[in-house]
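The structure appears right after this line, and notes come after that.
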Amino acid sequence: MDFLQALFLGLLQGLTEFLPISSSAHLILVPAFFDWVDQGVAFDLAVHMGTLLAVVLYFRTDVFGIARDGLMSMGQRRVVGQGALALYLVIGTVPAGLAGLALLDIIDNELRAVEIIFATTLIFGLLLGIADWMPKRQRTMDTLNWKDALLVGIAQALALVPGTSRSGVTITAGLFLGMSRETASRFSFLLAIPIIALASAVKLLEVATSEILVDWSAFLVGSVTSFLIAITAIHFFLKWLNKVGMWPYVLYRILLAGAIYVLLM
1 MDFLQALFLG
11 LLQGLTEFLP
21 ISSSAHLILV
31 PAFFDWVDQG
41 VAFDLAVHMG
51 TLLAVVLYFR
61 TDVFGIARDG
71 LMSMGQRRVV
81 GQGALALYLV
91 IGTVPAGLAG
101 LALLDIIDNE
111 LRAVEIIFAT
121 TLIFGLLLGI
131 ADWMPKRQRT
141 MDTLNWKDAL
151 LVGIAQALAL
161 VPGTSRSGVT
171 ITAGLFLGMS
181 RETASRFSFL
191 LAIPIIALAS
201 AVKLLEVATS
211 EILVDWSAFL
221 VGSVTSFLIA
231 ITAIHFFLKW
241 LNKVGMWPYV
251 LYRILLAGAI
261 YVLLM
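Under the UniProt record's numbering, the sequence shown has 170 at position 170, and the numbering climbs by one with no breaks.
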(Lines of atoms letter the chains of each structure in order from A; the text may use other names.)
(Lines give C-alpha, C1' and ligand atoms only; values in the text may rest on other atoms or scores of the structure.)
Protein backbone atom coordinates (compact mmCIF):
# COMPACT_ATOMS: atom_id res chain seq x y z
CA MET A 1 0.00 0.00 0.00
CA ASP A 2 1.46 3.36 -1.00
CA PHE A 3 1.39 6.56 1.06
CA LEU A 4 -1.47 8.23 -0.83
CA GLN A 5 -3.70 5.16 -0.62
CA ALA A 6 -3.11 4.86 3.15
CA LEU A 7 -3.73 8.58 3.58
CA PHE A 8 -6.95 8.51 1.55
CA LEU A 9 -8.37 5.43 3.28
CA GLY A 10 -7.47 6.83 6.72
CA LEU A 11 -9.24 10.08 5.81
CA LEU A 12 -12.23 8.13 4.53
CA GLN A 13 -12.51 6.03 7.71
CA GLY A 14 -12.16 9.04 9.98
CA LEU A 15 -14.82 10.98 8.08
CA THR A 16 -17.37 8.20 7.70
CA GLU A 17 -17.08 6.29 11.02
CA PHE A 18 -19.18 8.78 13.00
CA LEU A 19 -21.25 10.35 10.23
CA PRO A 20 -24.41 8.36 9.39
CA ILE A 21 -23.15 7.26 5.97
CA SER A 22 -21.37 3.92 6.68
CA SER A 23 -17.60 3.64 6.90
CA SER A 24 -17.62 -0.08 6.01
CA ALA A 25 -19.43 0.60 2.74
CA HIS A 26 -16.95 3.28 1.74
CA LEU A 27 -13.94 1.13 2.61
CA ILE A 28 -15.34 -1.63 0.38
CA LEU A 29 -16.57 0.55 -2.48
CA VAL A 30 -13.59 2.88 -2.92
CA PRO A 31 -10.95 0.14 -3.39
CA ALA A 32 -13.37 -1.66 -5.73
CA PHE A 33 -13.90 1.52 -7.77
CA PHE A 34 -10.17 2.30 -8.05
CA ASP A 35 -9.23 -1.40 -8.43
CA TRP A 36 -7.00 -1.29 -5.34
CA VAL A 37 -5.85 -4.41 -3.55
CA ASP A 38 -7.80 -5.01 -0.33
CA GLN A 39 -6.14 -3.03 2.47
CA GLY A 40 -6.05 -6.02 4.83
CA VAL A 41 -6.79 -6.65 8.51
CA ALA A 42 -3.73 -4.80 9.85
CA PHE A 43 -4.73 -1.56 8.13
CA ASP A 44 -8.34 -1.97 9.29
CA LEU A 45 -6.97 -2.28 12.82
CA ALA A 46 -4.95 0.92 12.38
CA VAL A 47 -7.89 3.07 11.27
CA HIS A 48 -10.19 1.60 13.93
CA MET A 49 -7.64 2.43 16.62
CA GLY A 50 -7.49 5.98 15.28
CA THR A 51 -11.25 6.47 15.43
CA LEU A 52 -11.44 4.81 18.86
CA LEU A 53 -8.86 7.21 20.25
CA ALA A 54 -10.72 10.13 18.68
CA VAL A 55 -14.09 9.38 20.30
CA VAL A 56 -12.53 8.57 23.68
CA LEU A 57 -10.53 11.79 23.66
CA TYR A 58 -13.46 13.93 22.50
CA PHE A 59 -15.78 12.55 25.20
CA ARG A 60 -13.00 12.06 27.77
CA THR A 61 -14.91 13.82 30.57
CA ASP A 62 -18.01 11.69 29.95
CA VAL A 63 -15.97 8.51 29.58
CA PHE A 64 -14.11 9.07 32.84
CA GLY A 65 -17.29 9.96 34.74
CA ILE A 66 -19.30 7.03 33.36
CA ALA A 67 -16.50 4.52 34.01
CA ARG A 68 -15.93 5.84 37.56
CA ASP A 69 -19.63 5.86 38.44
CA GLY A 70 -20.15 2.45 36.85
CA LEU A 71 -17.40 0.89 38.97
CA MET A 72 -18.67 2.64 42.11
CA SER A 73 -22.21 1.43 41.40
CA MET A 74 -20.93 -2.14 41.10
CA GLY A 75 -18.95 -1.84 44.31
CA GLN A 76 -21.76 -0.25 46.32
CA ARG A 77 -24.56 -2.23 44.63
CA ARG A 78 -26.57 0.91 44.00
CA VAL A 79 -26.73 3.50 41.24
CA VAL A 80 -24.10 6.19 41.72
CA GLY A 81 -24.08 9.24 39.44
CA GLN A 82 -23.97 8.03 35.84
CA GLY A 83 -23.86 4.39 36.87
CA ALA A 84 -27.15 3.70 35.08
CA LEU A 85 -25.73 5.07 31.83
CA ALA A 86 -22.71 2.78 32.21
CA LEU A 87 -25.10 -0.18 32.48
CA TYR A 88 -27.06 0.99 29.44
CA LEU A 89 -23.87 1.16 27.38
CA VAL A 90 -23.09 -2.44 28.36
CA ILE A 91 -26.63 -3.54 27.47
CA GLY A 92 -26.43 -1.69 24.15
CA THR A 93 -23.14 -3.39 23.27
CA VAL A 94 -24.21 -6.99 23.94
CA PRO A 95 -26.42 -7.56 20.83
CA ALA A 96 -23.76 -6.40 18.36
CA GLY A 97 -21.03 -8.24 20.26
CA LEU A 98 -22.93 -11.54 20.17
CA ALA A 99 -24.01 -11.07 16.55
CA GLY A 100 -20.45 -10.25 15.54
CA LEU A 101 -19.07 -13.40 17.16
CA ALA A 102 -21.81 -15.61 15.71
CA LEU A 103 -21.86 -14.18 12.18
CA LEU A 104 -18.28 -13.02 11.62
CA ASP A 105 -17.55 -15.43 8.75
CA ILE A 106 -20.86 -14.67 7.03
CA ILE A 107 -20.30 -10.92 7.37
CA ASP A 108 -16.78 -11.11 5.94
CA ASN A 109 -17.54 -13.53 3.11
CA GLU A 110 -21.18 -13.10 2.06
CA LEU A 111 -22.47 -9.66 3.08
CA ARG A 112 -19.90 -7.45 1.33
CA ALA A 113 -21.61 -7.68 -2.06
CA VAL A 114 -22.29 -4.45 -3.94
CA GLU A 115 -25.99 -5.33 -4.23
CA ILE A 116 -26.32 -5.58 -0.44
CA ILE A 117 -24.49 -2.29 0.10
CA PHE A 118 -26.77 -0.61 -2.45
CA ALA A 119 -29.89 -1.83 -0.61
CA THR A 120 -28.70 -0.99 2.91
CA THR A 121 -27.37 2.42 1.87
CA LEU A 122 -30.74 3.38 0.38
CA ILE A 123 -33.14 1.74 2.84
CA PHE A 124 -31.43 2.82 6.06
CA GLY A 125 -30.81 6.27 4.63
CA LEU A 126 -34.56 6.71 4.02
CA LEU A 127 -35.34 5.40 7.52
CA LEU A 128 -32.99 8.02 8.97
CA GLY A 129 -34.87 10.72 7.06
CA ILE A 130 -38.27 9.47 8.28
CA ALA A 131 -37.03 9.33 11.88
CA ASP A 132 -35.68 12.88 11.63
CA TRP A 133 -39.09 14.11 10.39
CA MET A 134 -40.94 12.69 13.38
CA PRO A 135 -42.32 15.15 15.98
CA LYS A 136 -41.92 14.98 19.78
CA ARG A 137 -38.21 14.18 19.75
CA GLN A 138 -37.42 15.76 23.11
CA ARG A 139 -36.09 12.99 25.36
CA THR A 140 -32.79 13.71 27.09
CA MET A 141 -30.07 11.39 28.41
CA ASP A 142 -31.59 11.27 31.90
CA THR A 143 -34.82 9.73 30.52
CA LEU A 144 -33.12 6.67 29.01
CA ASN A 145 -33.82 3.21 30.39
CA TRP A 146 -32.60 -0.33 29.80
CA LYS A 147 -35.27 -0.98 27.15
CA ASP A 148 -34.03 1.99 25.11
CA ALA A 149 -30.46 0.70 25.43
CA LEU A 150 -31.47 -2.79 24.31
CA LEU A 151 -33.43 -1.54 21.28
CA VAL A 152 -30.62 0.78 20.18
CA GLY A 153 -28.21 -2.11 20.77
CA ILE A 154 -30.25 -4.41 18.53
CA ALA A 155 -30.23 -1.68 15.89
CA GLN A 156 -26.45 -1.43 16.27
CA ALA A 157 -26.18 -5.16 15.54
CA LEU A 158 -27.76 -4.49 12.13
CA ALA A 159 -24.77 -2.28 11.32
CA LEU A 160 -22.63 -5.39 10.98
CA VAL A 161 -24.08 -5.50 7.46
CA PRO A 162 -21.99 -3.11 5.32
CA GLY A 163 -23.85 0.00 4.16
CA THR A 164 -26.14 0.17 7.19
CA SER A 165 -23.94 2.61 9.18
CA ARG A 166 -23.46 2.06 12.90
CA SER A 167 -23.96 5.71 13.80
CA GLY A 168 -26.79 6.06 11.29
CA VAL A 169 -28.84 3.11 12.52
CA THR A 170 -28.32 3.85 16.23
CA ILE A 171 -29.27 7.52 15.76
CA THR A 172 -32.30 6.40 13.74
CA ALA A 173 -33.38 4.06 16.54
CA GLY A 174 -32.90 6.81 19.10
CA LEU A 175 -34.99 9.25 17.08
CA PHE A 176 -37.78 6.69 16.67
CA LEU A 177 -37.71 6.25 20.48
CA GLY A 178 -38.37 9.98 20.90
CA MET A 179 -34.84 11.12 21.73
CA SER A 180 -33.70 14.56 20.64
CA ARG A 181 -31.04 14.72 17.93
CA GLU A 182 -28.43 15.61 20.57
CA THR A 183 -29.39 12.73 22.85
CA ALA A 184 -29.57 10.16 20.05
CA SER A 185 -26.21 11.28 18.64
CA ARG A 186 -24.46 11.47 22.00
CA PHE A 187 -25.66 8.02 23.04
CA SER A 188 -24.62 6.67 19.63
CA PHE A 189 -21.10 8.10 19.98
CA LEU A 190 -20.69 6.79 23.52
CA LEU A 191 -21.98 3.40 22.38
CA ALA A 192 -19.31 3.41 19.69
CA ILE A 193 -16.52 3.17 22.26
CA PRO A 194 -17.06 -0.40 23.55
CA ILE A 195 -18.04 -1.85 20.16
CA ILE A 196 -15.06 -0.31 18.33
CA ALA A 197 -12.82 -1.48 21.17
CA LEU A 198 -14.18 -5.03 20.78
CA ALA A 199 -13.77 -4.93 16.99
CA SER A 200 -10.20 -3.67 17.38
CA ALA A 201 -9.44 -6.43 19.90
CA VAL A 202 -10.68 -9.08 17.45
CA LYS A 203 -8.58 -7.64 14.64
CA LEU A 204 -5.56 -7.37 16.94
CA LEU A 205 -5.92 -11.02 17.90
CA GLU A 206 -6.19 -11.98 14.23
CA VAL A 207 -3.03 -10.05 13.36
CA ALA A 208 -1.14 -11.42 16.38
CA THR A 209 -2.03 -15.06 15.74
CA SER A 210 -1.45 -15.09 11.98
CA GLU A 211 1.50 -14.58 9.68
CA ILE A 212 0.16 -11.25 8.43
CA LEU A 213 3.00 -8.83 7.68
CA VAL A 214 2.26 -5.36 9.05
CA ASP A 215 3.17 -2.40 6.85
CA TRP A 216 4.07 -0.11 9.73
CA SER A 217 4.33 3.04 7.63
CA ALA A 218 0.79 2.52 6.26
CA PHE A 219 -0.37 1.57 9.77
CA LEU A 220 0.93 4.86 11.18
CA VAL A 221 -0.41 7.00 8.33
CA GLY A 222 -3.84 5.36 8.50
CA SER A 223 -4.21 5.58 12.28
CA VAL A 224 -3.04 9.20 12.59
CA THR A 225 -5.15 10.37 9.66
CA SER A 226 -8.29 8.59 10.86
CA PHE A 227 -7.80 10.01 14.37
CA LEU A 228 -7.42 13.61 13.18
CA ILE A 229 -10.32 13.47 10.73
CA ALA A 230 -12.62 11.57 13.11
CA ILE A 231 -12.23 14.01 16.00
CA THR A 232 -12.90 16.88 13.59
CA ALA A 233 -15.95 15.11 12.13
CA ILE A 234 -17.44 14.49 15.59
CA HIS A 235 -16.97 18.15 16.56
CA PHE A 236 -18.62 19.62 13.48
CA PHE A 237 -21.37 17.00 13.35
CA LEU A 238 -22.49 17.94 16.86
CA LYS A 239 -21.96 21.66 16.24
CA TRP A 240 -24.15 21.71 13.13
CA LEU A 241 -26.65 19.10 14.26
CA ASN A 242 -29.62 21.38 14.93
CA LYS A 243 -28.85 23.65 11.97
CA VAL A 244 -28.69 21.01 9.26
CA GLY A 245 -30.38 17.97 10.84
CA MET A 246 -30.00 14.56 9.22
CA TRP A 247 -31.25 15.28 5.73
CA PRO A 248 -27.89 16.22 4.15
CA TYR A 249 -26.71 12.70 5.07
CA VAL A 250 -29.97 11.17 3.82
CA LEU A 251 -29.58 12.91 0.45
CA TYR A 252 -25.94 11.84 0.26
CA ARG A 253 -26.95 8.22 0.86
CA ILE A 254 -29.59 8.40 -1.88
CA LEU A 255 -27.02 9.83 -4.30
CA LEU A 256 -24.46 7.21 -3.24
CA ALA A 257 -26.98 4.43 -3.82
CA GLY A 258 -27.61 5.85 -7.28
CA ALA A 259 -23.88 5.95 -8.03
CA ILE A 260 -23.47 2.35 -6.84
CA TYR A 261 -26.31 1.22 -9.10
CA VAL A 262 -24.99 3.05 -12.17
CA LEU A 263 -21.26 2.40 -11.78
CA LEU A 264 -20.92 -0.92 -9.98
CA MET A 265 -24.06 -2.97 -10.62
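Each residue gets a CB set at the ideal place from its N, CA and C atoms; glycine is no exception.
- In its chain, beyond the 5 residues on either side, Arg-181 have a beta carbon closer than 7 Å to the beta carbon of Asn-242.
- Counting every other CB atom within 10 Å of its CB across the protein chains shown gives Ala-113 a total below 16, marking it as exposed.
- Taking 8 Å as the cut-off, the Cβ atoms of Phe-64 and Leu-190 do not count as close.
- Taking 8 Å as the upper bound for CB-CB distance, Pro-95 and Gln-156 are in contact here, some 7 Å apart.
- Ala-233 is positioned such that its CB atom lies closer than 8 Å to that of Leu-19.
- Excluding five sequence positions before and after Val-56, the CB atoms of its chain that fall closer than 8 Å to its own CB belong to Val-63, Ile-193, given in chain order.
- Between Val-152 and Ala-173, the CB-CB gap stays under 8 Å.
- Beta-carbon to beta-carbon, Met-1 and Phe-43 are separated by about 7 Å, close enough to satisfy the 8 Å threshold.
- The region 143-152 and the region 80-92 touch, with no fewer than 3 CB-CB distances between them shorter than 8 Å.
- Here the C-alpha atom of Gly-129 lies approximately 12 Å from the C-alpha atom of Thr-121.
- Bounds of the alpha helix (DSSP H) holding Thr-93 are 83-110.
- Note that the C-beta distance between Ser-217 and Gly-14 is not below 8 Å.
- The continuous alpha helix (DSSP H) containing Pro-31 extends over residues 23-34.
- For the options His-48, Ile-231, Ile-229, Ser-22, the alpha carbon positioned closest to that of Arg-166 is the one of Ser-22.
- Secondary structure of Met-179 (DSSP, three-state): strand.
- Leu-175 counts as buried, since at least 16 other C-beta atoms from the protein chains shown sit within 10 angstroms of its C-beta.
- Taking every protein chain shown into account, the CB of Gln-82 has 16 or more other CB atoms within 10 angstroms, so this residue is buried.
- Boundaries of the alpha helix (DSSP H) around Trp-133: 114-133.
- DSSP places Arg-78 in the coil class of the three-state scheme, outside both helix and strand.
- Ranking Leu-204, Val-221, Met-134, Leu-12 by CA distance to the CA of Gly-245 puts Met-134 first.
- CA-CA distance, Ala-208 to Glu-115, rounds to 33 Å.
- Distance between Gly-222 and Ile-212, taken at the CA atoms: about 17 Å.
- Rounded to the nearest angstrom, the Cβ distance from Ile-229 to Leu-52 is 14 Å, too far for a contact under 8 Å.
- Its Cα nearest to that of Tyr-249, the residue Phe-124 stands out among Ser-200, Asp-142, Phe-124, Leu-160.
- Nearest to His-26 by C-alpha distance, out of Thr-93, Gly-178, Ile-117, is Ile-117.
- Under the three-state reduction of DSSP output, Arg-139 falls in the strand class.
- Secondary structure note for Gln-13: its alpha helix (DSSP H) is the uninterrupted segment 3-16.
- Straight through space, the alpha carbons of Gly-258 and Leu-264 are spaced by roughly 10 Å.
- In the three-state scheme derived from DSSP, where H, G and I count as helix and E and B as strand, Ile-193 is classed as helix.
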